[in-house]
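Visitor:
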Amino acid sequence: MINNIFNFCIPTEYIDKDGNVNYRLPFANERMTVLEFQAIHAAAKPNAPKLSNPWCQFFSCGYRVSQENLDWKNWNGFTQADVDSKLFYNNEHAFNVDVLLKAIHINADSVCPDNYFCVQKSSGGKGYSILFYWDCEKTELNFKKCCLLTQQFTKKIFYCVGPHGAEIIDYAKDGKRVLDKCSNSIF
Numbered sequence: 001m002i003n004n005i006f007n008f009c010i011p012t013e014y015i016d017k018d019g020n021v022n023y024r025l026p027f028a029n030e031r032m033t034v035l036e037f038q039a040i041h042a043a044a045k046p047n048a049p050k051l052s053n054p055w056c057q058f059f060s061c062g063y064r065v066s067q068e069n070l071d072w073k074n075w076n077g078f079t080q081a082d083v084d085s086k087l088f089y090n091n092e093h094a095f096n097v098d099v100l101l102k103a104i105h106i107n108a109d110s111v112c113p114d115n116y117f118c119v120q121k122s123s124g125g126k127g128y129s130i131l132f133y134w135d136c137e138k139t140e141l142n143f144k145k146c147c148l149l150t151q152q153f154t155k156k157i158f159y160c161v162g163p164h165g166a167e168i169i170d171y172a173k174d175g176k177r178v179l180d181k182c183s184n185s186i187f
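In structure tokens form, the structure reads like this:
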């Protein structure tokens with residue numbers, strides 16, 4: 001059974017010394033709420049500044065986890081592939097992002113039905129976050145293995161979408177790749 005409970009907070013709004021609105025995340029060990037993913041997703045504000053939206057960690061311990069207080073037994077088993085396809089779309093390529101979102105979901109459900117959890121559009125509307133769940137012992141080594149599998153599954157999902165999906169996932173420009181971040185950092 002999936003433990004889809006995450007550390008969660010809504011960043012605190014404040015005015016910085018220059019009079020600009022900014023947002024603060026909790027400090028290490030600071031209390032955080034724990035919520036199911038669906039409740040966190042429901043709290044998102046689609047047209048609000050990215051930094052003001054709900055923030056969560058792949059832990060379910062109720063306090064902000066940092067390098068200093070990291071205890072792997074609190075990892076909730078999730079990894080995320082951050083597909084930064086705006087690199088591709090910003091280079092004169094056009095495609096219906098919602099059509100691709102649906103195709104990603106359909107293919108993810110068939111490529112890795114035991115581990116695929118969900119896919120979402122990024123706040124910018126041109127990228128995707130794919131969440132995977134891993135029912136394994138909560139250790140650093142298993143986390144790293146799951147991150148590698150996350151990257152491999154994500155590539156396979158995009159290849160299954162067809163030539164356009166493969167073109168997106170393999171795209172690179174100026175040393176940046178569309179699939180640069182696959183939860184290889186827990187923070």
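When you line the sequence shown up against the working numbering, it's residues 1 to 187, in that order. Glycine is no exception: its CB is placed at the ideal position from the N, C-alpha and C atoms. The structure displayed is predicted, hence computed values, not measured ones.
(1) Quick one: Cα of G175 to Cα of T150, how far?
(2) Inspect the CB distances between the region 59 to 79 and the region 137 to 144 and report whether three or more fall short of 8 Å.
(3) So, with DSSP's three-state summary, where would you put S52?
(4) Please report the distance separating the alpha-carbon of N191 from that of A108.
(5) List the DSSP bridge partners of Q80.
(6) Of all the options N7, C136, L100 and P113, which has the alpha carbon lying nearest to the alpha carbon of S122?
(7) Can you look up V192 in the DSSP assignment and give me helix, strand or coil?
(8) Please classify L148: is it buried, with 16 or more other beta-carbons within 10 angstroms of its beta-carbon, or exposed?
(9) Determine the contact status of I169 and F153, defining contact as a CB-CB distance below 7 Å.
(10) Give me the residue from C9, C61, K155 and N20 with the minimum Cα distance to A39.
(11) V161 and S85: beta carbons closer than 7 Å?
(12) Quick one: Cα of L35 to Cα of I5, how far?
(13) Any idea if K50 is buried or exposed, counting beta-carbon neighbours within 10 angstroms, 16 or more meaning buried?
Guide: Well, looking at it:
(1) Walking along the sequence shown from the start, residue 175 turns up at place 175. Walking along the sequence shown from the start, residue 150 turns up at place 150. If you take the alpha carbons of G175 and T150, they lie about 21 Å apart.
(2) yes
(3) For the purposes of this step, residue 52 is identified with residue 52 of the sequence shown, where counting begins at 1. DSSP places S52 within a helical segment (H, G or I) once states are collapsed to three.
(4) Residue 191 lies beyond the residue range present for the chain, which begins at 1 and ends at 187; the question has no answer from this structure.
(5) Mapped onto the sequence shown, residue 80 falls at position 80. Answer is L131, bridged to Q80.
(6) Position 122 of the sequence shown holds residue 122. The residue with the shortest Cα to Cα distance from S122 is L100.
(7) Nothing in the structure corresponds to residue 192, since the chain is present only between 1 and 187.
(8) As a first step, residue 148 must be located in the sequence shown, where it is residue number 148. Exposed is the call here.
(9) As a position in the sequence shown, residue 169 is number 169, starting the count at 1. As a position in the sequence shown, residue 153 is number 153, starting the count at 1. No, they are not a contact pair.
(10) Position 39 of the sequence shown, counted from the start, is the residue given in the question as residue 39. The candidate whose alpha carbon is nearest that of A39 is C9.
(11) As a first step, residue 161 must be located in the sequence shown, where it is residue number 161. As a first step, residue 85 must be located in the sequence shown, where it is residue number 85. Between V161 and S85, the gap from beta carbon to beta carbon reaches 7 Å or more.
(12) In the sequence shown, counting from the first residue as 1, residue 35 sits at position 35. In the sequence shown, counting from the first residue as 1, residue 5 sits at position 5. So the two alpha carbons sit approximately 5 Å from each other.
(13) Translated into the one-based positions of the sequence shown, residue 50 becomes position 50. Classification of K50: exposed, given that the 10 Å Cβ count is below 16.
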